[in-house]
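These notes concern the structure reproduced below.
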């Protein structure tokens, strides 16, 4: 069986490696270079609780977070690359009484679901060694939320797909259309006019998915910066910014803006100002050396949930629309999607977040 994966970010790379286990011959087609879009630009947080999630999507993200523990061991063993996985815990500061009330409600909810969650007073945070702003009155603490170094993980995944005899990689190759015949996937059409046929296709092109096939995915631009610093042990995630320690490089990452500006390129003065303001509102004495800045485009959907699983065309599958949770979701979704493709093994999450919830009316943004 031959499979085409359209898109070489973390969604496509993880699906390719899962299908390889089932014996598929795979072609990954990427319009740029593998792993250099939103996957490379991300923060790498595995943070279903810090994100304030609930309902079925919380369940999915908790399973994805738990799945990471064994997944990174497998990837590190096969690739020989330490991917920077850390169960560091995430602190969510409150800058007002209203925020504190909301966070305490979330803490109580998560406790009712047998999840670890606690309230830190301002004194608790100071006693942890943090020169926190006077504006912070306390914080929620989620000790099971974690992080992975998304760039190291990406390098490990790329290492594995490049080594595989079952996976062919086409970079700087743009898919412009998916071709079907009698409601059955037939081929993908490239920008140069060539068609490549296969038995199945997985569309995992992130923010560019809608340029290939008519599904409701739009780009949301996000900017990030990094500071030369190694003082933080925990991630701080607030309404103002998220601040992520990267021990491997002695860096601290600050993110991320969100703008619906189509594919407008480049970092902006306003974006960088917003990130620095968020950092200094949290740590006012954080006068460290500026290191780098970057941006990319997250794939969002009208309800902000992913589009995964089967499509209305037989043997065409989706793995896109992961929005803010692409690094968290990709490995677990790749596993359940490959089980669907190879074994017709249905899954509650693939059903809940399939394209059919939009087919009666494809929304405009």
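Numbering (my numbering), first residue to last: 841 to 1205.
C-beta atoms are modelled at their ideal positions from N, C-alpha and C, and glycine is treated no differently.
To the nearest angstrom, how far is the alpha carbon of residue i from that of residue j?
i, j, result
"residue 984", "residue 928", "8 Å"
"residue 1005", "residue 903", "31 Å"
"residue 1204", "residue 1138", "The pLDDT assigned to residue 1204 is 45, lower than 50, so where the model puts this residue is not dependable, and the model offers no usable value."
"residue 846", "residue 944", "43 Å"
"residue 1176", "residue 1109", "41 Å"
"residue 861", "residue 1007", "11 Å"
"residue 916", "residue 869", "25 Å"
"residue 901", "residue 1016", "31 Å"
"residue 891", "residue 1022", "42 Å"
"residue 913", "residue 996", "11 Å"
"residue 1186", "residue 906", "20 Å"
"residue 856", "residue 1161", "18 Å"
"residue 1189", "residue 1124", "42 Å"
"residue 1135", "residue 1076", "20 Å"
"residue 1092", "residue 909", "23 Å"
"residue 1030", "residue 1014", "6 Å"
"residue 975", "residue 936", "8 Å"
"residue 1197", "residue 1054", "14 Å"
"residue 1089", "residue 1113", "23 Å"
"residue 1159", "residue 991", "20 Å"
"residue 1050", "residue 866", "22 Å"
"residue 1083", "residue 1025", "43 Å"
"residue 1107", "residue 1132", "11 Å"
"residue 851", "residue 1116", "30 Å"
"residue 1033", "residue 1165", "34 Å"
"residue 938", "residue 955", "23 Å"
Does the distance from the CB of residue i to the CB of residue j come in under 7 Å?
i, j, result
"residue 1119", "residue 1126", "yes"
"residue 923", "residue 989", "yes"
"residue 854", "residue 1192", "no"
"residue 1178", "residue 859", "yes"
"residue 933", "residue 1071", "no"
"residue 885", "residue 864", "no"
"residue 1121", "residue 973", "yes"
"residue 1044", "residue 1035", "no"
"residue 998", "residue 875", "yes"
"residue 887", "residue 930", "yes"
"residue 926", "residue 987", "yes"
"residue 1038", "residue 1064", "no"
"residue 1128", "residue 1067", "yes"
"residue 920", "residue 879", "no"
"residue 881", "residue 1167", "no"
"residue 843", "residue 1009", "no"
"residue 1094", "residue 1102", "no"
"residue 1000", "residue 918", "yes"
Taking the alpha carbon of residue i as the reference point, which residue from the options has its own alpha carbon closest?
i, options, result
"residue 1042", "1148, 926, 1196, 909", "1148"
"residue 877", "889, 1046, 861, 893", "1046"
"residue 894", "941, 951, 844, 907", "951"
"residue 1019", "1154, 1167, 1161", "1154"
"residue 1194", "1183, 1144, 1168, 883", "1144"
"residue 872", "1172, 1011, 1097", "1011"
"residue 1171", "1069, 844, 911", "911"
"residue 1100", "1062, 1002, 918", "1062"
"residue 1180", "1156, 946, 1000, 1050", "1156"
"residue 1169", "866, 897, 867", "897"
"residue 980", "991, 958, 971", "958"
"residue 1140", "1060, 843, 1073", "1060"
"residue 1199", "1142, 1163, 1183", "1142"
With hydrogens ignored, establish whether the beta-carbon of residue i is closer than 6 Å to any heavy atom of the ligand NAD.
i, result
"residue 1134", "What this structure holds is no ligand at all, so the ligand NAD is not there to describe."
Where do the ends of the beta strand (DSSP E) carrying residue i lie?
i, result
"residue 1108", "Run containing residue 1108: none; DSSP gives neither H nor E here."
"residue 1124", "Counting along the chain, residue 1124 falls outside any beta strand (DSSP E), and DSSP gives it neither H nor E."
"residue 1035", "1035-1037"
Determine which residues share a DSSP beta bridge with residue i and list them.
i, result
"residue 1157", "1042, 1150"
"residue 851", "The partner list for residue 851 (beta bridge, DSSP) is empty, contrary to what the question assumes."
"residue 1082", "1077, 1095"
"residue 889", "Paired residue(s): none; residue 889 is not in a bridge."
"residue 1007", "866"
"residue 931", "981, 1076"
"residue 1137", "1061"
Got a sec, what are the start and stop residues for the alpha helix (DSSP H) residue i sits in?
i, result
"residue 915", "895-919"
"residue 952", "937-952"
"residue 880", "878-881"
"residue 1162", "Here residue 1162 belongs to no alpha helix (DSSP H), and DSSP marks it neither H nor E."
"residue 1191", "1188-1192"
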